[in-house]
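Peer 1: Before I ask anything, let me first share the structure, which is written out below as C-alpha cells.
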Amino acid sequence: MATVVTMPKLGTTMTAGVILKWLKKEGERVEKGEPLLEIQTDKVNMEEEAYESGVLLKILVPEGVEVPVNQPIAVIGAEGEDISSLLREISGEVPQAAKSAAVGAPSAEKEEPVAVSAPVPGEGKPRATPAARRLAREYGIDLTTIRGSGPRGRVHRADVEEYLKRAVPRPAEAPAAAAKQVPQVPGKVIPLSGIRGVIAKKMRESVNTAPHYFVFMEIDMTEALKVRERINVKLPEAERLSINTLLAKAAAVAISEFPVFNSYVDGSNIVLKEDINIGIAVAIEEGIIVPVIRNVDRKGLRDVAREERELIARARAKALKPEDYEGGSFTISNLGMFGVPRFTAIINQPEVAILAVGKVADRVVVENEEMVIRPIMEVSLSSDHRVIDGATASRFLNRLKEIMEDPMQMAL
Numbered sequence: 114m115a116t117v118v119t120m121p122k123l124g125t126t127m128t129a130g131v132i133l134k135w136l137k138k139e140g141e142r143v144e145k146g147e148p149l150l151e152i153q154t155d156k157v158n159m160e161e162e163a164y165e166s167g168v169l170l171k172i173l174v175p176e177g178v179e180v181p182v183n184q185p186i187a188v189i190g191a192e193g194e195d196i197s198s199l200l201r202e203i204s205g206e207v208p209q210a211a212k213s214a215a216v217g218a219p220s221a222e223k224e225e226p227v228a229v230s231a232p233v234p235g236e237g238k239p240r241a242t243p244a245a246r247r248l249a250r251e252y253g254i255d256l257t258t259i260r261g262s263g264p265r266g267r268v269h270r271a272d273v274e275e276y277l278k279r280a281v282p283r284p285a286e287a288p289a290a291a292a293k294q295v296p297q298v299p300g301k302v303i304p305l306s307g308i309r310g311v312i313a314k315k316m317r318e319s320v321n322t323a324p325h326y327f328v329f330m331e332i333d334m335t336e337a338l339k340v341r342e343r344i345n346v347k348l349p350e351a352e353r354l355s356i357n358t359l360l361a362k363a364a365a366v367a368i369s370e371f372p373v374f375n376s377y378v379d380g381s382n383i384v385l386k387e388d389i390n391i392g393i394a395v396a397i398e399e400g401i402i403v404p405v406i407r408n409v410d411r412k413g414l415r416d417v418a419r420e421e422r423e424l425i426a427r428a429r430a431k432a433l434k435p436e437d438y439e440g441g442s443f444t445i446s447n448l449g450m451f452g453v454p455r456f457t458a459i460i461n462q463p464e465v466a467i468l469a470v471g472k473v474a475d476r477v478v479v480e481n482e483e484m485v486i487r488p489i490m491e492v493s494l495s496s497d498h499r500v501i502d503g504a505t506a507s508r509f510l511n512r513l514k515e516i517m518e519d520p521m522q523m524a525l
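Okay, structure coming up:
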C-alpha cells in the first residue's frame with residue numbers, strides 16, 4: 114500500500130520547510146532509514162530519511178518550494194502500483210505555491226496532488242520516535258493524545274515539545290497599532306522571516322507572557338581565570354575551557370541546588386525537569402540560536418568544553434539537529450567578547466531564567482582596607498516572576514558567584 118510522505122515538523126518553531134533537494138528520483142528504490150531529501154527549516158538544513166521502503170512513485174513538490182508542515186510532498190509504494198485514486202484523494206492539501214511551481218516544472222504531470230489520511234489518536238500503540246517516547250515519559254504524557262506530524266501520524270519529539278508549549282497559557286495578542294501607520298519611505302525591505310521571524314515571535318511571546326525582573330552581580334574572576342589557564346595548557350585546542358564552559362558548569366551546579374530554575378510553566382502548574390541542560394546563545398549571520406549541552410551537572414569540564422565547541426561549530430555551519438537546540442534548562446548569553454560591560458536578556462521560553470554576561474575588565478576594588486585591581490565580570494539574571502521570586506534569584510546568583518570565585522567547587 115502506498116505511503117504519502119509529508120513535510121515533517123523538525124522543531125517546535127517550525128511551521129514550514131523548503132525542499133532543498135530530492136536525493137531520490139521518481140521510479141528509484143528507497144530503503145527505510147535512507148536519506149530521501151534535504152529540507153531547510155527556520156533554523157537548520159537537514160536530511161530527512163524515508164520512513165518506509167519502496168519505490169518513489171511520485172514527487173509532489175519540486176525543489177525550492179516552501180511547504181507547510183504536514184503537507185504531502187511525495188508518495189512511496191510498490192513498483193507499478195496504481196496511485197491515481199490516492200493522488201485525487203489528497204489533491205486539496207498541496208499548497209498553492211507548490212502547485213504553481215509544479216505546473217512549470219519539467220517533471221510535473223497532470224495528476225492532481227493529494228493528502229494523507231489523518232492518524233487516529235489512541236488507535237493501538239502510538240507510532241513515535243524514541244526521542245518522543247523519552248520526552249513523553251519524562252513529563253507523563255499519553256502519546257495517544259498527540260497528533261504526530263510524521264508519516265501515518267508518527268509522533269516526533271517536536272510534536273511532544275509543541276504539545277508542552279501549547280499547555281502554557283497564551284498571552285493576549287498585542288495590539289496591531291504599530292502595523293497601521295508605517296511611513297512609506299524609500300529603502301531596502303528585509304522580510305521578518307526565517308530565523309529572524311522566529312526570534313521576533315519568541316521574544317514577543319516571552320515578554321508578554323513572563324513578567325521579567327533582573328538581578329545584577331559582580332564576579333571576581335581572579336581564581337576562575339587562573340584555573341582555566343592551568344587546565345588549558347594541558348589540553349588540546351578543541352578541549353580548552355572558555356569562560357562559558359566555566360559558567361555552564363557553575364550554573365549546572367547551582368541549578369542542582371535550586372531546582373526551580375530547571376522548570377517550566379504548564380497551565381497553572383510549575384513542572385520541575387530532571388536533566389540539567391545548559392544552552393549557549395550563539396550569534397550566526399541570520400540571528401541567534403541556542404544549542405544545548407546536556408546533563409552538564411554530570412560531566413567534567415573537559416567534556417563540557419568539547420561539546421560546547423562542537424555545538425557552536427555546527428550552529429555556525431547550520432548543521433544543528435533539533436535535539437541539539439531543544440530541551441534546554443537555562444541559557445547563558447555572553448556578549449563580553451564584543452566589549453559589552455553589562456546588559457539584560459529576554460528569557461528563552463519555556464525556560465524560566467537566563468544569565469546575561471558582560472566582559473571581564475580590570476577594576477579597582479577594596480580588600481583589607483587596600484585598593485587592589487581585580488578582573489571583574491558583571492552578570493545579570495532575568496527571571497520569570499511567576500516562578501522565581503527576587504530572594505530566590507538573589508540566592509541563586511550568589512551561589513553562582515561563589516562557585517565562579519572558588520572554581521574547585523565545580524569538581525566536588
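Numbering (the working numbering), first residue to last: 114 to 525. All C-beta atoms in this analysis are idealised placements derived from N, C-alpha and C, irrespective of residue type, glycine included. Just so we're clear, the structure is a prediction, and the values are computed from it rather than from any experiment.
1) Can you give me the start and stop residues for the alpha helix (DSSP H) that D379 sits inside?
2) Looking at C-beta atoms only, is the number of pairs between the stretch 495-503 and the stretch 316-334 that lie closer than 8 Å three or more?
3) Tell me, please, which residues DSSP counts as bridged to I189.
4) According to DSSP, is G124 helix, strand or coil?
5) Check Q153 in the structure and name its three-state DSSP category.
6) Can you give the beta carbon distance from V86 to I152, rounded, assuming they're within the 8 Å contact cut?
7) So for M450, helix, strand or coil by DSSP?
8) N511 lies in the alpha helix (DSSP H); which residues open and close that run?
9) Counting only the same chain and skipping the five closest in sequence on each side, list residues whose C-beta sits under 6 Å from that of P288.
10) Applying the criterion that 16 or more other CB atoms from any shown protein chain within 10 Å of the CB defines a buried residue, is G266 buried or exposed?
11) Check this for me: beta carbons of L354 and L414, under 7 Å apart or not?
12) When burial is assigned at 16 or more other CB atoms within 10 Å of the CB, is E420 buried or exposed?
13) With a cut-off of 8 Å, do at least 3 Cβ pairs link the stretch 474-488 to the stretch 416-431?
14) Start and end of the beta strand (DSSP E) containing A469?
15) Could you give the residue range of the alpha helix (DSSP H) that holds E370?
16) In or out: K301 buried (at least 16 other Cβ within 10 Å) or exposed?
17) Do the stretch 485-492 and the stretch 339-349 meet, that is, are 3 or more Cβ pairs less than 8 Å apart?
18) Once DSSP output is grouped into helix, strand and coil, what is the label at T104?
19) Could you pull out every residue in the same chain whose Cβ sits closer than 8 Å to the Cβ of E176, ignoring the five residues on either side in sequence?
20) Which residues mark the beginning and the end of the alpha helix (DSSP H) in which S319 is found?
21) State the CB to CB distance for the pair A396 and V403, rounded to an integer number of angstroms; the pair is presumed to be in contact (CB under 8 Å).
22) List the residues that DSSP assigns as beta-bridge partners of D497.
23) For the alpha helix (DSSP H) containing E342, name the first residue and the last one.
24) Can you tell which of T257, G261, S381 and L305 has the C-alpha that lies nearest to the C-alpha of L123?
25) If F443 sits next to I368, beta carbons under 8 Å apart, how far is it from one beta carbon to the other, in whole angstroms?
26) Would I312 and G400 qualify as a contact pair, given that the criterion is a beta-carbon distance under 7 Å?
27) When the Cα atoms are used, what is the spatial distance from A244 to V465?
28) Report the residue from E318, A458, V473 and K434 whose alpha carbon sits nearest the alpha carbon of G452.
29) Classify T116: buried if its beta carbon has 16 or more other beta carbons within 10 angstroms, exposed otherwise.
30) Just the Cα atoms here: how many angstroms apart are T258 and T119?
31) What span of residues does the beta strand (DSSP E) with V131 cover, start to end?
32) Work out the CA separation of E423 and T505 for me, nearest whole Å.
33) Any heavy atom of the ligand SAM closer than 6 Å to the CB of T457?
34) What is the residue span of the beta strand (DSSP E) that I401 lies within?
35) Please name the residue in P304, E370, E398 and V182 whose C-alpha comes closest to that of E387.
36) Less than 7 Å separating the beta-carbons of A364 and I391?
Peer 2: In short, the structure shows the following:
1) Along the sequence shown, one-based indexing puts residue 379 at 266. Per DSSP, D379 lies in no alpha helix (DSSP H) segment; the continuous beta strand (DSSP E) that holds it begins and ends at S376 to D379.
2) yes
3) By one-based count along the sequence shown, residue 189 stands at place 76. Answer is T116 and L169, bridged to I189.
4) As a first step, residue 124 is located in the sequence shown; it is residue number 11 there, counting from the start. Of the three classes helix, strand and coil, the one that applies to G124 here is coil, per DSSP.
5) By one-based count along the sequence shown, residue 153 stands at place 40. The answer is strand: DSSP assigns Q153 an E or B state.
6) Nothing about residue 86 can be reported from this structure: the residues present for the chain run from 114 to 525 only.
7) Residue numbering aside, residue 450 sits at position 337 when the sequence shown is read from its first letter. Reduced to three states, the DSSP call for M450 is helix.
8) For the purposes of this step, residue 511 is taken as the residue at position 398 of the sequence shown. Unbroken alpha helix (DSSP H) run through N511: G503 to E518.
9) Within the sequence shown, residue 288 is the residue found at index 175, counting from 1. Bear in mind that a pLDDT of 48 at P288, under 50, signals an unreliable position, so the number given afterwards is only what the model happens to contain. Within the same chain, P288 has no close Cβ partners at all.
10) Locating residue 266 in the sequence shown gives position 153, counting from the first residue. Per the 10 Å Cβ criterion, buried.
11) Translated into the one-based positions of the sequence shown, residue 354 becomes position 241. Translated into the one-based positions of the sequence shown, residue 414 becomes position 301. Yes. Within cutoff.
12) Taking the sequence shown and counting its residues from 1, the one referred to as residue 420 is at position 307. Counting Cβ neighbours within 10 Å, E420 comes out buried, since at least 16 surround it.
13) Cβ pair count under 8 Å is below three, so no.
14) Along the sequence shown, read from residue 1 onward, the residue named residue 469 stands at position 356. A466 to E480 is the extent of the beta strand (DSSP E) around A469.
15) For the purposes of this step, residue 370 is taken as the residue at position 257 of the sequence shown. Element bounds for E370: I356 to E370.
16) Looking up residue 301 in the sequence shown gives position 188. Exposed.
17) no
18) In the structure displayed, the chain extends from 114 to 525; residue 104 sits before or after that span and is not available.
19) Residue mapping note: residue 176 aligns to position 63 of the sequence shown, counting from 1. The residues are I132, L133, K134 and W135.
20) As a position in the sequence shown, residue 319 is number 206, starting the count at 1. S319 -> alpha helix (DSSP H) spans G307 to T322.
21) Within the sequence shown, the letter at position 283 stands for residue 396. Within the sequence shown, the letter at position 290 stands for residue 403. Not confirmed; about 11 Å, so no contact.
22) Within the sequence shown, the letter at position 384 stands for residue 497. For D497, which the question treats as bridged, DSSP gives the partners H325.
23) Taking the sequence shown and counting its residues from 1, the one referred to as residue 342 is at position 229. E342 -> alpha helix (DSSP H) spans T335 to N345.
24) Position 10 of the sequence shown, counting from 1, holds the residue named residue 123. When each option's Cα is compared against that of L123, the closest is G261.
25) Stepping through the sequence shown from its first residue, residue 443 is reached at position 330. Stepping through the sequence shown from its first residue, residue 368 is reached at position 255. About 6 Å; that satisfies the 8 Å criterion.
26) Counting from 1 along the sequence shown, the entry for residue 312 is found at position 199. Counting from 1 along the sequence shown, the entry for residue 400 is found at position 287. Yes; because the gap between Cβ atoms is below 7 Å, this pair is in contact.
27) Counting from one through the sequence shown, the residue named residue 244 turns up at place 131. Counting from one through the sequence shown, the residue named residue 465 turns up at place 352. In this structure, the CA atom of A244 is about 23 Å from the CA atom of V465.
28) By 1-based counting over the sequence shown, the position of residue 452 is 339. When each option's Cα is compared against that of G452, the closest is V473.
29) As a working note, residue 116 is residue 3 in the sequence shown. Counting Cβ neighbours within 10 Å, T116 comes out buried, since at least 16 surround it.
30) Sequence index remark: in the sequence shown, residue 258 carries index 145 (1-based). Sequence index remark: in the sequence shown, residue 119 carries index 6 (1-based). One C-alpha to the other measures close to 20 Å.
31) Locating residue 131 in the sequence shown gives position 18, where the first residue counts as 1. Start and end: A129 to W135.
32) The sequence position of residue 505 within the sequence shown is 392, counting from 1. The sequence position of residue 423 within the sequence shown is 310, counting from 1. Roughly 33 Å between the two C-alpha positions.
33) The ligand SAM is absent from the structure shown, which contains no ligand whatsoever.
34) Residue numbering aside, residue 401 sits at position 288 when the sequence shown is read from its first letter. Run containing I401: G400 to I402, per the beta strand (DSSP E) assignment.
35) If you number the sequence shown from 1, residue 387 lands on position 274. Comparing Cα positions, the closest option is E370.
36) As a working mapping, residue 364 is identified with position 251 in the sequence shown. As a working mapping, residue 391 is identified with position 278 in the sequence shown. The answer is yes: Cβ separation under 7 Å.
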